[in-house]
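Chains as they are written, first to last, in our numbering: chain A, 298 to 411; chain B, 523 to 634.
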């Protein structure tokens, strides 16, 4: 079946602009996660959705970051007033509850803020 | 102390040899353990998961878990150049049973 998809694959934006990153999870997966991976760095947890609810937003770096999920499916991560330190690969993963949270990743969106 | 620690490598092994990767974790109550493979410029790919003490084999990969010693390892037998990648260890935290804690990864290079 289809895996996790993300769009766009690459995004170059100017400092101060807003960006939206999209994630389409594996069909039937109720849990969705956003991570960030900076060059040479590990995976940084951002936010977790169970259905449309986000019980854990603790990883969001600042109030410029927000995310929503609608219909228990597609999620959008929005970064307002982008800064150069926001440059990273943003990864989305999904998992099925009922298993022990085996997470499957999408291909990522590479964000470059100039 | 980091939650999940791995040797950063690089680990260089000749083709056909066994590559051995280790991972230690700090939360004694951790319950699920995962190995991801990440090729350069790509996203992590789940290759193994293990929940119980002992060994779990899948093809050329064997995961080993020792909860008493708080370590999990991955063995890659008959290593191939296509196994050259960064391997990430991830642990499911007992207090947040959805949040994976990742190690920094071990880079493996298989020499032809």
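Glycine included, C-beta positions come from ideal geometry on N, C-alpha and C.
- Counted as a single uninterrupted DSSP element, the beta strand (DSSP E) harbouring residue 330(A) occupies residues 328-334.
- Counting along the chain, residue 339(A) sits inside no beta strand (DSSP E), nor does DSSP assign it H or E at all.
- Contact check for residue 348(A) against residue 368(A) fails: the beta carbons are separated by 7 Å or more.
- In the displayed model, residue 537(B) falls within coil according to three-state DSSP, outside both helix and strand.
- Here residue 383(A) is buried. Its C-beta has 16 or more other C-beta atoms within 10 Å.
- Going by beta carbons, residue 595(B) and residue 573(B) fall outside the 7 Å limit.
- Taking 7 Å as the threshold, the shortest C-beta distance from residue 342(A) to chain B falls below it.
- Within the stretch 378-389 of chain A, contact with chain B at the beta-carbon level (separation under 7 Å) is assigned to 388.
- None of the residues of the stretch 364-379 of chain A has a beta carbon lying less than 9 Å from any beta carbon of chain B.
- The alpha-carbon separation between residue 371(A) and residue 394(A) amounts to approximately 17 Å.
- Between residue 378(A) and residue 321(A) a beta carbon distance of about 26 Å is seen, past the 8 Å cut, so the two are scored as non-contacting.
- Contact of residue 576(B) with chain A by beta-carbon distance below 8 Å is absent, the smallest such distance being about 16 Å.
- Within chain B, the C-beta atoms nearer than 8 Å to that of residue 328(A) come from 620, in chain order.
- When the alpha-carbon of residue 568(B) is set against those of 407(A), 325(A), 398(A), the nearest one is in 398(A).
- Bounds of the beta strand (DSSP E) holding residue 576(B) are 576-580.
- Taking 7 Å as the threshold, the shortest C-beta distance from residue 607(B) to chain A does not fall below it.
- Pairing residue 538(B) with residue 577(B) gives a Cβ-Cβ distance that is not under 7 Å.
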